[in-house]
Amino acid sequence: QDLAFDRQKVFRVIPQNDKQVETLNFLASIMEVDFWQPDSVTLVKPKMQVDFRVEAEKSFDVEGLLKESGIEYQVLIDNLQAALDAQFDSKVR
Amino acid sequence: TSGHSYEKYNNWDTIVAWTADIAAQNPDLVSRSVIGETYEGRPIYLLKLGKSGSNKKAIFLDCGFHAREWISPAFCQWFVKEAVENYGKDTAVTTLLDKLDFYVLPVVNIDGYVYTWTNDRMWRKTRSKNAGSICIGTDPNRNLDAGWCTIGASKSPCSATYCGSAPESEKETKALADFIRGHLSTIKAYLTIHSYSQLLLFPYSYTYDLPKNYQELNSIAKAASKELASLYNTKYTYGPGAETIYPAAGGSDDWAYDQGIKYSFTFELRDTGRYGFLLPESQIKPTCEETLLAVKYIANYVLEHLY
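As you go down the protein sequences, you meet chains A and B in turn.
Quick note: the first sequence uses this note's numbering, first residue 102, plus one each step.
Quick note: the second sequence uses this note's numbering, first residue 2, plus one each step.
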């Protein structure tokens, strides 16, 4: 799986209202978004902490859409591959 | 077991060898059995811990429902290690193993776990084929017969929370449910280990209704959360699943509870999102140590409140 997740990002947002929840639903419908928590976009409610993974080539568009929608976001993991490699204490398995 | 480490993530072959070894090295305390096989034909191993004795009650502990939640199987291995290493040395552990049995299912969703090692670290579901769809897998924790597919689950095979074609449609969940159904007279508590978010949940998730012994479960969870925080100040949130996080039907804790197992909990281990499913191996030890304190608390409570 070397580099399979290179430059993928994990975002965290806390939708403030139904409109922002709707935006996340839209995002999920047009992009390949892997929800880490909650388990699925259908479970997202306002004020809920939402973490989701986005593939490398889409993360720029996702950030643009979040900014455009006025949805505050945090990048939890900036490069998933680096975090994946770092989960192992040593490369030697 | 060569290559096995309690402070590293172990692949499935290493875990299989470990189950054989831990049972062979501790014949008086540990026995290994097979309770079924997975969709791809792998044996589902179950370890039974406890001093042999008649009419003992038991606690069922499972790990590895969701494939990518690697800290979960790491805890089940840690739990078994601590039990066998401390039996005869630590009074509390010795009493627990003399008076209770522990059924430990190291990995429920074995096919999915293997897939996270070989193909896609981010895989979550089982690996079963869905008729009429190119999408693979069912969410095993939406597949139990507990309000099945009514809320917080999807009927689409492509969804992460696909509830399956029917309750217990997955060989893995049916094997688990069959075993527990067959041992309801002895199993008095059910603990299932997931990650992440640092939550200690109890029924219900398939409804906002509260369980009959809500006060009791809430006070157990409150005390267990204190144990979880006692070593490293790890903050856990606790409560009934539906109101604490979101409603979700088909979960194993709800199912076990509705079978009459009145002490039923879901742990969501570290962390709160800094690493998420990719918790570094350096955090396996502290995570397992704090979780073990909470599990021991619950086990002692169950022992003192057998029914």
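Heads up, the beta-carbon is just placed ideally off N, CA and C, and yes, glycines get one too.
Determine the contact status of residue 233 of chain B and residue 201 of chain B, defining contact as a CB-CB distance below 9 Å.
No. Outside cutoff.
Within 9 Å (strictly less), CB to CB, does residue 194 of chain A reach chain B?
The predicted model places residue 194 of chain A with a pLDDT of 46, which falls under 50 and marks its position as unreliable; any figure quoted below should be read in that light. Residue 194 of chain A counts as touching chain B.
Quick check on residue 165 of chain A: does DSSP put it in helix, strand or coil?
Helix at residue 165 of chain A.
Can you pull out the residues from the segment 117–141 of chain A whose beta carbon lies closer than 8 Å to at least one beta carbon of chain B?
Flagged, chain order: 135, 136, 137, 138, 139, 140, 141.
Kindly list the residues whose CB is nearer than 6 Å to the CB of residue 136 of chain B, restricted to its own chain and excluding five residues on each side of it in sequence; keep chain order.
Taken in chain order, the residues that qualify are 158, 159.
Same chain, Cβ closer than 8 Å to residue 194 of chain A, five either side skipped, listed in chain order:
Note that residue 194 of chain A has pLDDT 46, beneath the 50 cutoff, so the model's placement of it is unreliable and the number below is only indicative. Cβ neighbours of residue 194 of chain A beyond the five flanking positions: none.
Tell me the residue span of the beta strand (DSSP E) that contains residue 241 of chain B.
Per DSSP, residue 241 of chain B belongs to the beta strand (DSSP E) from 238–241.
Environment of residue 110 of chain B [buried if 16+ CB atoms lie within 10 Å]
So residue 110 of chain B ends up on the buried side.
Once you ignore the five residues that flank residue 179 of chain A on each side, which residues in its own chain have a CB closer than 8 Å to its CB?
If we look at residue 179 of chain A and ignore the five residues flanking it on each side, its Cβ neighbours are 110.
Is the Cβ of residue 264 of chain B closer than 9 Å to any Cβ of chain A?
For residue 264 of chain B, not one C-beta of chain A is nearer than 9 Å to its own C-beta.
Helix, strand or coil: which one does DSSP assign to residue 113 of chain A?
The answer is strand: DSSP assigns residue 113 of chain A an E or B state.
Taking the beta carbon of residue 185 of chain B as the centre, do at least 16 other beta carbons fall within 10 Å, making it buried, or is it exposed?
Exposed, because fewer than 16 other Cβ atoms sit within 10 Å of the Cβ of residue 185 of chain B.
Indicate the three-state DSSP secondary structure (helix, strand or coil) for residue 170 of chain A in the structure shown.
Correct three-state label for residue 170 of chain A: coil.
Among the residues of its own chain, which have a CB less than 8 Å from the CB of residue 43 of chain B, if the five just before and after it don't count?
Sequence-distant partners of residue 43 of chain B (beyond 5 residues in either direction) whose C-beta falls short of 8 Å from its own C-beta, in its chain, are 13, 111, 112, 115.
Give me whichever residues DSSP pairs with residue 175 of chain A in a beta bridge.
Answer is A:113, bridged to residue 175 of chain A.
Any chain A beta carbon closer than 9 Å to residue 278 of chain B:
True, the Cβ-Cβ gap to chain A drops below 9 Å.
Flag this pair as touching only if the segment 38–56 of chain B and the segment 252–261 of chain B have three or more C-beta atom pairs under 8 Å; answer yes or no.
With a cut-off of 8 Å on Cβ pairs, the segment 38–56 of chain B is not in contact with the segment 252–261 of chain B, counting fewer than three such pairs.
Cβ-Cβ distance between residue 60 of chain B and residue 222 of chain B below 9 Å:
Judged by beta-carbon spacing, residue 222 of chain B lies beyond the 9 Å limit of residue 60 of chain B, meaning their Cβ atoms are not closer than that value.
On the three-state DSSP scale, how would you describe residue 194 of chain A?
Annotation note: pLDDT 46 at residue 194 of chain A (below 50); position unreliable, coordinate value reported separately. When DSSP states are grouped into helix, strand and coil, residue 194 of chain A belongs to the coil group.
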